[in-house]
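Order-wise, the sequence lines are chains A and B. Take the first sequence: its letter number 163 is residue 163 in the working numbering, and every next letter is one higher. Take the second sequence: its letter number 66 is residue 66 in the working numbering, and every next letter is one higher. Written below as structure tokens is the structure these notes are about.
2 protein chains.
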Amino acid sequence: MSSTTIRPLRADAERTVRTILEAAERTLNRNPAATMEEIAAAAGVARTTVHRRFATREALITAMSEWATRQLAQAVDDARPDTSPPLVALYQATANVLRVKLSWGFSMNTSLAKGNESERIWNAVVDRCDQLFRRLQDAGVLRAEVDPVWARRVYYALIHEVCQDLSTTSNETTGSDPDTDALATQLIDTLLRGTGSPTAQL
Amino acid sequence: MSSTTIRPLRADAERTVRTILEAAERTLNRNPAATMEEIAAAAGVARTTVHRRFATREALITAMSEWATRQLAQAVDDARPDTSPPLVALYQATANVLRVKLSWGFSMNTSLAKGNESERIWNAVVDRCDQLFRRLQDAGVLRAEVDPVWARRVYYALIHEVCQDLSTTSNETTGSDPDTDALATQLIDTLLRGTGSPTAQL
DNA sequence: ACAACTTGCATCACCAATGTTGCAAGTAGT
DNA sequence: ACTACTTGCAACATTGGTGATGCAAGTTGT
């Protein structure tokens, strides 16, 4: 029920599927209106092959979304957000999520259709994050008067901003992986302390 | 040179143009792939009328972008970012920009084509903002070690987040204008102080 | 009132993208 | 080696959106 795949694919076909998904991500990230032709070209396969694996364009995008969302969920889970000390988990999760989001920016931004499997997973992730932010507040990391949901939203916005910048700036120059740990540190520093000096007040 | 309009339009035509621009904004904001037909319907005119005013779909979107960018520039200018005390200007600009961005979310997010008039205006606005953030730092509002460009980017991200939320949440329930001043206050508070408590540190 | 302008409607041509099929050549797994 | 699977290629049908045109009815401004 996870995918339209009925029976297991042969090894080469499986590889092709992943190649297509990755090529689609790259291509659609640059141009959301890219054609199946362009995606196929980017994957180095014929257009008919793409259609053999994904009946319609919509099916392809759904599959991308599902794939990306699963990876995101994994990234968060790996940080053990319910059991680790919350601030540690926040760091871990941030670095992990940045890694995923940098490669799957398009797929993560496609508004997930209602009733989708992706939507379920996504909501689970959001719940998990909200819970983490409540834990952060209980631990005194967040100020008491701050709405943890607002804090989580600011956090998302910062992640989005960092990814946005990275995918336009450094992707072209070097293929070297950006230092997600350093980015996570800067991000969380900004999230918690802001950019203002303690002296000047409103 | 501002638009493809050669000679002045009659009053009713002028009104039609603005009606179309607004309808296009609303429609494309909900669904970026909306057809000219849908846009025309939303504007309460025939599709041919839209094509009479905007030769191609691209021309329409360009016009929207230009229109929105001009309003944005106006919103920033009205805050007198070079002459007012920087923190005052920041408040003023934020409230103004929120008002504009809430109505023109789609048009502001369309990546402006190179060489566009919109791009020129947009760059001017960015320069203006960067300068404001340098003034903020000189005034001691921003911490000395913070990169003012990073601060500006965080600021943009927060604005985007606030607009995102508003356009999905409250637009459906009430037509009442959201309190942009209160939003600006919350936004700037978060920007400067973050969400963390002063005690807990990294 | 009159001329100029604008709009809706019906209709058309056009095209680019989508999705399908059959077949031949190549590859995976046993 | 043999079978089943996968892929590329070529060709095709379909369709939904785009853009254009001519005309009749209505509106604006003077």
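No residue lacks a Cβ here, since even glycine has one placed at the ideal position from N, Cα and C.
- The straight-line gap separating the alpha-carbon atoms of residue 86 of chain A and residue 105 of chain B is approximately 35 Å.
- Look at residue 112 of chain A here: in three-state DSSP terms it is coil, with no helix or strand label.
- With the criterion set as a beta carbon lying under 7 Å from some beta carbon of chain A, the stretch 39 to 63 of chain B has no members that meet it.
- The three-state reading of DSSP puts residue 142 of chain B in strand, counting E and B together.
- Counting only Cβ-Cβ distances below 8 Å, residue 165 of chain A has contacts in chain B at 153, in chain order.
- Counting C-beta pairs closer than 8 Å gives three or more between the stretch 10 to 29 of chain B and the stretch 91 to 110 of chain B, which meets the contact rule.
- Within chain B, no C-beta atom comes less than 7 Å from the C-beta of residue 69 of chain A; the nearest is roughly 19 Å away.
- Residues of the stretch 83 to 109 of chain B that bring their beta carbon within less than 7 Å of a beta carbon in chain A are absent altogether.
- Put simply, the CB of residue 193 of chain A is near chain B, with a gap under 7 Å to one of its CB atoms.
- In the three-state DSSP reduction, residue 196 of chain A falls in the strand class (E or B).
- Residue 143 of chain A is not a Cβ neighbour of residue 65 of chain B, given a cutoff of 7 Å.
- For residue 65 of chain A, the uninterrupted alpha helix (DSSP H) run begins and ends at 57 to 77, by DSSP.
- For residue 146 of chain B, the residues of chain A that pass the 8 Å Cβ criterion are 195, in the order they occur in the chain.
- Between residue 166 of chain A and residue 187 of chain A, the C-beta gap is not smaller than 7 Å, which leaves the two residues out of contact.
- Distance from the Cα of residue 77 of chain A is smallest, within the candidate group A:47, A:52, A:34 and A:126, for A:126.
- In the three-state DSSP reduction, residue 125 of chain B falls in the helix class (H, G or I).
- Distance from the CA atom of residue 146 of chain A to the CA atom of residue 153 of chain A, rounded to whole angstroms, is 12 Å.
- The contact set of residue 157 of chain A on chain B, defined by CB atoms closer than 7 Å, consists of 157, 158, 160 and 161 in chain order.
- A residue is called buried when at least 16 other Cβ atoms come within 10 angstroms of its Cβ; residue 118 of chain B meets this threshold and is buried.
- The beta carbon of residue 50 of chain B lies closer than 8 Å to those of 20, 36, 39, 40, 43 and 60 in the same chain, with the five residues before and after it left out.
- With a beta-carbon spacing of about 6 Å, residue 183 of chain A and residue 98 of chain A fall inside the 8 Å limit used to define contacts.
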